[in-house]
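Here the protein sequences come in this chain order: F and Z. Residue numbers are given in numbering that gives the first Met the number 0: position 303 of the first sequence equals residue 302, and the series is strictly consecutive. Residue numbers are given in numbering that gives the first Met the number 0: position 193 of the second sequence equals residue 192, and the series is strictly consecutive. Think of the CB as a built atom: it goes at the ideal place given N, C-alpha and C, for glycine as much as any other residue.
Number of protein chains: 2
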Amino acid sequence: MAITLRQTDPGFEERFKAFLGTKREASPDVEATVRTIIDEVRARGDAALIDYTQKFDRADLSTLGIAVARSDIEQAYKQADPATVEALRFARDRIRSHHERQKPRDDRYTDALGVELGSRWTAIEAVGLYVPGGTASYPSSVLMNAIPAQVAGVDRIVMVVPASGGVINPLVLVAADLAGVSEIYRIGGAQAVAALAYGTETIAPVAKIVGPGNAYVAAAKRHVFGTVGIDMIAGPSEVLVVADGSNDPDWIAADLLAQAEHDVSAQSILITDDEAFGKAVEDAVERQIKLLPRAETAAASWRDFGAVILVETFDAAIPLVDRIAAEHLELAIDDAESFLGKIRNAGAVFVGRHTPEVIGDYVGGSNHVLPTARSARFSSGLSVLDFVKRTSILRLGPDQLKALAPAAIALAKAEGLEAHGRSVAIRLNM
Amino acid sequence: MAITLRQTDPGFEERFKAFLGTKREASPDVEATVRTIIDEVRARGDAALIDYTQKFDRADLSTLGIAVARSDIEQAYKQADPATVEALRFARDRIRSHHERQKPRDDRYTDALGVELGSRWTAIEAVGLYVPGGTASYPSSVLMNAIPAQVAGVDRIVMVVPASGGVINPLVLVAADLAGVSEIYRIGGAQAVAALAYGTETIAPVAKIVGPGNAYVAAAKRHVFGTVGIDMIAGPSEVLVVADGSNDPDWIAADLLAQAEHDVSAQSILITDDEAFGKAVEDAVERQIKLLPRAETAAASWRDFGAVILVETFDAAIPLVDRIAAEHLELAIDDAESFLGKIRNAGAVFVGRHTPEVIGDYVGGSNHVLPTARSARFSSGLSVLDFVKRTSILRLGPDQLKALAPAAIALAKAEGLEAHGRSVAIRLNM
Numbered sequence: 000m001a002i003t004l005r006q007t008d009p010g011f012e013e014r015f016k017a018f019l020g021t022k023r024e025a026s027p028d029v030e031a032t033v034r035t036i037i038d039e040v041r042a043r044g045d046a047a048l049i050d051y052t053q054k055f056d057r058a059d060l061s062t063l064g065i066a067v068a069r070s071d072i073e074q075a076y077k078q079a080d081p082a083t084v085e086a087l088r089f090a091r092d093r094i095r096s097h098h099e100r101q102k103p104r105d106d107r108y109t110d111a112l113g114v115e116l117g118s119r120w121t122a123i124e125a126v127g128l129y130v131p132g133g134t135a136s137y138p139s140s141v142l143m144n145a146i147p148a149q150v151a152g153v154d155r156i157v158m159v160v161p162a163s164g165g166v167i168n169p170l171v172l173v174a175a176d177l178a179g180v181s182e183i184y185r186i187g188g189a190q191a192v193a194a195l196a197y198g199t200e201t202i203a204p205v206a207k208i209v210g211p212g213n214a215y216v217a218a219a220k221r222h223v224f225g226t227v228g229i230d231m232i233a234g235p236s237e238v239l240v241v242a243d244g245s246n247d248p249d250w251i252a253a254d255l256l257a258q259a260e261h262d263v264s265a266q267s268i269l270i271t272d273d274e275a276f277g278k279a280v281e282d283a284v285e286r287q288i289k290l291l292p293r294a295e296t297a298a299a300s301w302r303d304f305g306a307v308i309l310v311e312t313f314d315a316a317i318p319l320v321d322r323i324a325a326e327h328l329e330l331a332i333d334d335a336e337s338f339l340g341k342i343r344n345a346g347a348v349f350v351g352r353h354t355p356e357v358i359g360d361y362v363g364g365s366n367h368v369l370p371t372a373r374s375a376r377f378s379s380g381l382s383v384l385d386f387v388k389r390t391s392i393l394r395l396g397p398d399q400l401k402a403l404a405p406a407a408i409a410l411a412k413a414e415g416l417e418a419h420g421r422s423v424a425i426r427l428n429m
Numbered sequence: 000m001a002i003t004l005r006q007t008d009p010g011f012e013e014r015f016k017a018f019l020g021t022k023r024e025a026s027p028d029v030e031a032t033v034r035t036i037i038d039e040v041r042a043r044g045d046a047a048l049i050d051y052t053q054k055f056d057r058a059d060l061s062t063l064g065i066a067v068a069r070s071d072i073e074q075a076y077k078q079a080d081p082a083t084v085e086a087l088r089f090a091r092d093r094i095r096s097h098h099e100r101q102k103p104r105d106d107r108y109t110d111a112l113g114v115e116l117g118s119r120w121t122a123i124e125a126v127g128l129y130v131p132g133g134t135a136s137y138p139s140s141v142l143m144n145a146i147p148a149q150v151a152g153v154d155r156i157v158m159v160v161p162a163s164g165g166v167i168n169p170l171v172l173v174a175a176d177l178a179g180v181s182e183i184y185r186i187g188g189a190q191a192v193a194a195l196a197y198g199t200e201t202i203a204p205v206a207k208i209v210g211p212g213n214a215y216v217a218a219a220k221r222h223v224f225g226t227v228g229i230d231m232i233a234g235p236s237e238v239l240v241v242a243d244g245s246n247d248p249d250w251i252a253a254d255l256l257a258q259a260e261h262d263v264s265a266q267s268i269l270i271t272d273d274e275a276f277g278k279a280v281e282d283a284v285e286r287q288i289k290l291l292p293r294a295e296t297a298a299a300s301w302r303d304f305g306a307v308i309l310v311e312t313f314d315a316a317i318p319l320v321d322r323i324a325a326e327h328l329e330l331a332i333d334d335a336e337s338f339l340g341k342i343r344n345a346g347a348v349f350v351g352r353h354t355p356e357v358i359g360d361y362v363g364g365s366n367h368v369l370p371t372a373r374s375a376r377f378s379s380g381l382s383v384l385d386f387v388k389r390t391s392i393l394r395l396g397p398d399q400l401k402a403l404a405p406a407a408i409a410l411a412k413a414e415g416l417e418a419h420g421r422s423v424a425i426r427l428n429m
């Protein structure tokens with residue numbers, strides 16, 4: 000049973016605040032372990048990778064090889080179900096088309112004083128893509144992380160994925176190949192992050208590391224941040240469904256469960272203005288849970304973190320939606336577009352009754368790597384922008400320098416930076 | 000004396016690598032102290048801010064007030080030199096015009112299948128701006144951090160600045176006012192970062208924190224990352240000047256010194272194809288240093304981190320320039336535009352002999368908050384994009400859902416996510 004919060008109840012604000020503040024994930028202190036692993040990889044390179052992989056993944060890279068070979072990828076295609084490979088291709092093409100529109104444009108112009116200014120975007124040279132092992136080894140996530148990098152024009156897209164017991168999900172290799180990944184290594188954990196950041200004999204270092212991972216991976220990324228760039232630290236997934244009483248409760252329940260099945264720490268929230276509908280959805284959730292192979296996970300998530308929030312009007316829901324700042328927001332209400340126009344914080348919005356969030360996970364075309372745990376208040380989903388960087392350009396002639404010099408020199412002086420002023424003045428014989 | 004590296008020397012690669020790897024700043028382990036400070040501010044709010052400010056800044060906020068009042072700002076205008084205020088206004092207007100061009104555009108379109116996709120940009124609601132105290136309390140940096148936030152449409156721009164001995168540089172207050180800062184608090188250090196991230200009785204929390212600071216501030220930002228967004232951790236400043244023998248050695252020396260005077264950890268590098276010119280610049284540096292009020296700082300920076308790199312041709316310099324990935328790159332060579340077209344990694348490029356980097360520090364219009372310590376390989380200078388976030392939008396009708404369903408269901412199944420498949424199938428009576 001999820002909790003129910005009624006906006007008009009006295010004490011709602013306090014309960015809602017507590018709900019927002021709920022920590023859904025333990026953060027084990029793995030800092031010391033991670034530091035040792037990173038130091039070892041920096042000191043001993045490939046040898047450390049082989050040792051840690053033997054220990055943590057029970058795989059012998061001294062015989063398997065650190066790098067995945069072309070023949071391994073061919074083999075993966077043979078092992079994969081052809082219909083699934085076709086679905087991956089379909090998803091790949093849709094994701095690519097959408098991301099093509101995200102490429103930023105260069106800008107170069109001359110202002111009224113004749114000063115030339117500009118911004119130029121270039122791709123990051125090499126990017127590392129972390130792919131978790133085991134059940135969280137999702138081929139769709141490989142597409143979502145690699146395609147924006149490819150569209151951006153990244154030269155080297157370097158994937159790491161732990162081979163638990165020597166095995167990598169063949170669909171992960173196929174997805175990597177379809178998405179233009181250029182190198183794949185059979186490593187995971189903090190040791191893989193260290194190898195990407197600092198390089199080893201086999202692996203040339205990259206400039207940025209993206210992709211989800213466990214607590215060790217997250218701590219390692221935090222640790223190497225600065226030496227390389229990193230993406231957001233991903234938390235457990237969440238969906239917020241805003242739905243009126245005209246929906247089929249079974250559809251909405253299915254959407255809530257699609258999120259809940261991910262992880263016991265996932266979160267599904269329903270906001271509705273119709274108490275009877277809310278109850279009907281809860282009943283449908285209980286019925287449907289029993290049909291799921293991952294019933295236990297979904298039930299735990301719904302029980303511990305699920306919520307039904309009752310509002311008088313959807314207008315009154317807007318500040319709540321913005322405070323929740325959900326990774327995924329479904330709007331299954333009549334005037335969804337107008338509601339969309341009024342909200343500010345959400346990773347991705349799924350508009351209307353025929354847009355289940357799951358479409359965005361796979362084949363919508365938009366990216367499924369989205370800000371979790373309320374970070375949509377300040378950050379965005381993964382995009383081409385994460386794989387490019389901007390260089391600003393300034394160009395003056397003697398006249399422009401003369402025009403700008405007095406203010407520059409005045410400010411340099413005010414800041415006590417004499418040499419700053421001189422570097423301008425010396426060009427004007429001032 | 001800076002070091003000299005000659006690209007054609009045997010052993011150059013090794014020496015260049017060592018040069019690139021030189022750590023210019025100690026990273027003291029302040030983690031434990033910072034953690035305590037953050038915990039204290041979370042637990043005791045304003046009272047902790049008052050205690051820490053008494054201890055670290057020798058200022059009594061219980062009488063001064065945590066918040067800077069409007070009358071304090073009026074007073075600052077009266078104390079400030081009118082010509083400097085005019086220069087700040089001039090800089091403000093130029094910075095604002097340039098940043099107006101950086102506003103990202105929303106995108107909404109319908110693809111061939113009738114699927115509606117989109118990206119919508121919205122401003123972050125509240126942003127914290129850290130301004131260091133003491134000699135590093137630069138009014139120009141206030142403009143550079145606050146104006147992009149204002150242009151982005153951030154509602155609350157919250158500035159914190161330590162008041163050492165109770166005093167804040169009046170020009171910092173004036174710059175904040177000119178740049179549209181909405182709240183100012185007399186606090187600094189890790190306690191200010193904690194207050195911005197978690198809020199206190201007086202200070203409402205923000206969603207993102209930007210601005211440079213010392214090791215404590217950097218560690219605190221790293222610590223609260225996730226709860227709020229942060230900008231890059233700023234390192235010491237650097238300039239790379241690429242110059243041929245046609246330059247006046249005194250001009251180039253002045254540019255190298257403008258960087259060196261910032262900080263003993265600052266770095267100035269000259270790449271030239273003309274050995275005699277390189278020598279002349281070194282001589283000019285030695286001559287000019289003596290004229291500077293900050294001679295000692297500049298001399299230490301030039302001695303410890305300065306470098307002259309001799310190349311045979313400027314084409315041969317391109318890979319070196321990309322590997323250095325300088326925060327500031329000056330191109331004082333004949334065909335600077337063509338060189339610019341060939342390089343990839345630089346925070347900002349100053350093109351031609353009449354564009355000293357200092358213009359970009361103050362009045363060029365572009366931002367002076369730029370990626371340091373080789374991070375231009377993967378990140379960009381501060382811009383309007385740092386104060387907005389993107390929500391992706393997806394909208395399907397029944398026909399579109401039908402068209403996308405088979406691939407989505409196939410992928411959900413392949414990933415073992417049954418409830419994902421169900422949330423699509425249930426809408427199609429599949």
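Rounded to whole angstroms, G188(Z) and G165(Z) show a C-alpha spacing of 15 Å.
Under the 8 Å criterion on CB atoms, P292(Z) is classed as interfacial with respect to chain F. In summary, the residues of the stretch 406–422 of chain Z whose CB is separated from some CB of chain F by less than 7 Å are A406, A407, A409, L410, A411, A413, E414, G415, L416, E417, A418, H419, R421 and S422, in the order they occur in the chain. C-alpha of Y51(Z) to C-alpha of M158(F): approximately 46 Å in a straight line. In this structure, the alpha-carbon of A214(F) lies about 11 Å from that of P131(F). Between the stretch 216–236 of chain Z and the stretch 18–31 of chain Z there are three or more C-beta pairs closer than 8 Å, enough to call the two in contact. DSSP, reduced to helix, strand and coil, places F338(F) within a helical segment of the structure shown. DSSP places T3(Z) inside the beta strand (DSSP E), whose first and last residues are I2 to R5.
Under a criterion of Cβ atoms nearer than 7 Å, no residue of chain F is adjacent to R302(Z); the nearest Cβ is some 15 Å distant. Counting the other Cβ atoms within 10 Å of the Cβ of N428(F) gives fewer than 16, which makes it exposed.
With a minimum length of 4 residues, the unbroken runs of alpha helix (DSSP H) contained wholly in the stretch 58–110 of chain Z fall at 60–63, 69–78 and 81–99. Chain Z has a Cβ within less than 8 Å of the Cβ of G363(F). Minimum Cα-Cα distance from I37(Z) among the listed residues H419(Z), R421(Z), V192(Z) and V423(Z) corresponds to V192(Z). D243(F) and T354(F) have their C-alpha atoms spaced approximately 15 Å apart. Following the DSSP letters along the chain, one finds Y215(Z) inside the alpha helix (DSSP H) bounded by residues A214 to V223. M143(Z) is classed as buried because its beta carbon has at least 16 other beta carbons within 10 Å across all chains shown.
Close to chain Z, meaning a Cβ-Cβ distance shorter than 9 Å, are the following residues of the stretch 369–384 of chain F: L369, P370, A372, R373, S374, A375, R376, F377, S378, S379, G380, S382 and L384.
Excluding sequence positions up to five before and after M0(Z), its CB lies within less than 7 Å of the CB of R302, all in the same chain and listed in chain order. T312(Z) does not reach chain F, its nearest Cβ partner there being about 22 Å away, counting only Cβ pairs nearer than 9 Å. Contact between the stretch 305–314 of chain F and the stretch 205–224 of chain F is absent: fewer than three C-beta pairs spanning the two stretches fall below 8 Å. Separation of G380(F) and A206(Z) (C-alpha to C-alpha, rounded to the nearest whole angstrom) is 16 Å. The contact set of G396(Z) on chain F, defined by CB atoms closer than 7 Å, consists of H353 in chain order. Cβ atoms of P103(Z) and L384(Z) come within 8 Å of each other, at about 6 Å. For K388(F), no alpha helix (DSSP H) run applies; the uninterrupted beta strand (DSSP E) run containing it begins and ends at V387 to R394, by DSSP. Burial state of K54(Z) is exposed, judged by a 10 Å Cβ sphere holding fewer than 16 other Cβ atoms.
Contact check for A47(Z) and R185(Z): beta-carbon distance about 14 Å, past the 8 Å limit, so the pair fails to qualify. By the Cβ test, the stretch 362–369 of chain Z is in contact with the stretch 90–99 of chain Z, since at least three Cβ pairs between them sit closer than 8 Å.
Judged by beta-carbon spacing, E182(F) lies within the 8 Å limit of A66(F), meaning their Cβ atoms are closer than that value. In this structure, the beta-carbon distance from A283(F) to P318(F) does not fall below 8 Å.
Under the Cβ distance rule, N366(F) counts among the residues neighbouring chain Z, one pair being separated by less than 8 Å. K207(Z) is bridged by DSSP to V126(Z) and G228(Z). Within chain F, the C-beta atoms nearer than 7 Å to that of V348(Z) come from T390 and I392, in chain order. For R91(Z), no chain F residue has a Cβ inside 7 Å of its Cβ, as the nearest lies near 10 Å away. Rounded to whole angstroms, the Cβ separation of A90(Z) and S140(Z) is 11 Å, and the two are not in contact under 8 Å. Each residue's CA atom was taken as its position, placing K412(Z) and G420(Z) some 7 Å apart. Near chain Z, meaning a CB-to-CB distance below 7 Å, no residue of the stretch 262–287 of chain F qualifies.
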